[in-house]
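First the structure, in the form of structure tokens, and then the observations on it.
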Amino acid sequence: MNRLTHHSTRQALEFLRELYVLRSWDALTTHIVESIPTLIPTGICSYNEMSSRRRHATYKMWPANRTMIPDAPEILGLYSHQHPLVTHMERTKDFRSQKITDFLSQRQFRTTELFNELYRPLQIPYNMAAGLALDRNCLVALALNRDGKDFTPDELAILELLRPHVRQAFANASTVTSMLEELSALNRAMEEIDRALLAFTEEGRIQWATSRTRRMMKEYGFPCQRPSKWLPSPLREWTKSALEKLNRSSDFPSALQPLIIAKGDRSLIIRLVRDGIRLLLFFDEVSAECSVEELESLGLSRRETEILSWVVQGKTNPEIGAILSISSRTVQKHLEHIYNRLGVENRHAAIITSMAVLRRERAGCIAGR
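Counting from 1, position 276 in the sequence shown corresponds to residue 282 in the working numbering; the numbering is continuous, with no gaps.
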């Protein structure tokens, strides 16, 4: 990839900063499909959820006023098994940004029903996509489409640089949305719903914090008495480092991961988001105990799922090796494969992905009672 121009770098960094603004899931999808075309010339940018197995697809697209052909979602779902990026990501869990022409030539793609019933009428023969997740056999991905010429290697590299940030932004939005859904009106006091929220300044000064926040901070070793006006030192250092990442004027930072603090069989996940000029910390406590069955939707092998479940519960590689009667080196090799399958970079990110799945699984069980 060639070095980005100063203007392109500035645009990309502004996009990243805006990603971490407080938004619901629906608002975030709208923001992303409207913003990515400012970085990469695009005819249609869309957020997609699809399954080639169920022949089902839904999407949100930019421009919203683009004239679509009748039954476009049904056509996309019906022929999704002919989309090389969809089938590749579903089969391999390789979510890296790729182009259709990485798998099929334009001549080959033009012979498919998918192309002739959807892409040809829309006049968008060129496509690249970035995978975000595979949840319950439903692939979530961003797709960029245009005519004229194929996407360049540099444009593909830019999308791949943005992908881990977009994944993390959706994880944040999922938490925000679940909290907002508990409100009967947006102007209800935070104390009334007893959510664990805290607002603070860039210098680390606490503006307000709910009672539950203070209880959880104390329980996890962050004493925060009411007279205190400042975040505890460990939290202040973490937020300072995170904000420095977002405020960089050059280079792409790594994705802004939540802070995880384990205590016994539970873990505290702390997420940093922006709400206009205000900075917020969302505190979410989850059970670190998990079964292999609860992680099956990640699409890993049985052994990989076993290893990941022990990682989520805080076990080290040697401890996992002893439990499963394999060497710690073998555990590490499995973990490297797990990271690749999940589209994450490290152990921390794999735990975050797993906990998001656990939360959805348990919420589904409660709703189904």
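All C-beta atoms in this analysis are idealised placements derived from N, C-alpha and C, irrespective of residue type, glycine included.
- Residue nearest to T48 within the set Q129, S57, K269 is Q129 (criterion: CA-CA distance).
- Rounded to whole angstroms, the separation of the alpha carbons of S315 and S297 is 7 angstroms.
- Setting aside the 5 residues that flank it on each side, L124 is surrounded in the same chain by I75, A78, I81, L82, Y85, each with a C-beta closer than 8 angstroms to its C-beta; the list follows chain order.
- Residue burial annotation: Q213 is exposed, with fewer than 16 other C-beta atoms found within 10 angstroms of its C-beta.
- Beyond the five residues adjoining it in sequence on each side, I344 comes within less than 8 angstroms, by CB distance, of L306, E310, I313, L314, A356 in the same chain, given in chain order.
- Inter-residue distance for G327 and D281 is about 44 angstroms (C-alpha atoms, whole angstroms).
- Excluding sequence positions up to five before and after V337, its CB lies within less than 7 angstroms of the CB of I313, N323, I326, G327, all in the same chain and listed in chain order.
- Here H354 is exposed. Its C-beta has fewer than 16 other C-beta atoms within 10 Å.
- In the structure shown, L306 falls within a coil segment according to DSSP collapsed to helix, strand and coil.
- Here DSSP, grouped into helix, strand and coil, assigns E291 to strand.
- Beta-carbon to beta-carbon, I276 and P259 are separated by about 18 angstroms, too far to satisfy the 8 angstroms threshold.
- Rounded to whole angstroms, the Cβ separation of E208 and L285 is 7 angstroms, and the two are in contact under 8 angstroms.
- DSSP lists R284 as the beta-bridge partner residues of D281.
- Under the DSSP assignment, A248 falls in the alpha helix (DSSP H) whose first and last residues are 239-252.
- By the C-beta density criterion, E119 is exposed, having fewer than 16 other C-beta atoms within 10 angstroms.
- Separation of the CB atoms of F109 and P90 is rounded to 4 angstroms, and the pair is thereby assigned contact status at 8 angstroms.
- In the three-state reduction of the DSSP assignment, N122 falls in the helix class, which pools H, G and I.
- Secondary-structure assignment with DSSP links V27 through a beta bridge to R280.
- Between L237 and T216, the C-beta spacing is not below 8 angstroms.
- Shown here, N133 sits in a strand according to DSSP, grouped into three states.
- Residue E291 holds the alpha-carbon nearest to the alpha-carbon of E225 among A248, V172, F176, E291.
- The count of Cβ pairs closer than 8 angstroms, one atom from the region 238-250 and one from the region 144-155, stays below three, leaving the stretches out of contact.
- Bounds of any alpha helix (DSSP H) do not take in I106, whose DSSP letter is neither H nor E.
- When the beta-carbon positions are compared, S103 and M67 stay at least 8 angstroms from each other.
- Taken through DSSP and simplified to helix, strand or coil, Y65 comes out as strand.
- For the pair L45 and A18, the CB atoms are nearer than the 8 angstroms cut-off.
- Within the same chain, S103, A136 come within 7 angstroms of R169 by CB-CB distance, once the 5 residues on both sides are set aside.
- The beta carbons of Y53 and V279 sit no closer together than 8 angstroms.
- Leaving aside the five residues that flank A261 on each side, the residues in its chain whose CB is nearer than 6 angstroms to its CB run, in chain order, P170, H171, Q174.
- Under the 10 Å beta carbon count, G227 is surrounded by fewer than 16 other beta carbons and is classified as exposed.
- Here DSSP, grouped into helix, strand and coil, assigns V172 to helix.
- Separation of G270 and E299 (C-alpha to C-alpha, rounded to the nearest whole angstrom) is 22 angstroms.
- For Q213, the uninterrupted beta strand (DSSP E) run begins and ends at 212-215, by DSSP.
- Looking at M56, R242, E166, R218, the one whose alpha-carbon comes closest to that of G210 is R242.
- Counting only residues of its own chain and dropping the five nearest sequence neighbours on each side, R29 has a CB closer than 6 angstroms to the CB of A179.
- Note on T245: 16 or more other CB atoms within 10 angstroms of its CB, so buried under the neighbour-count rule.
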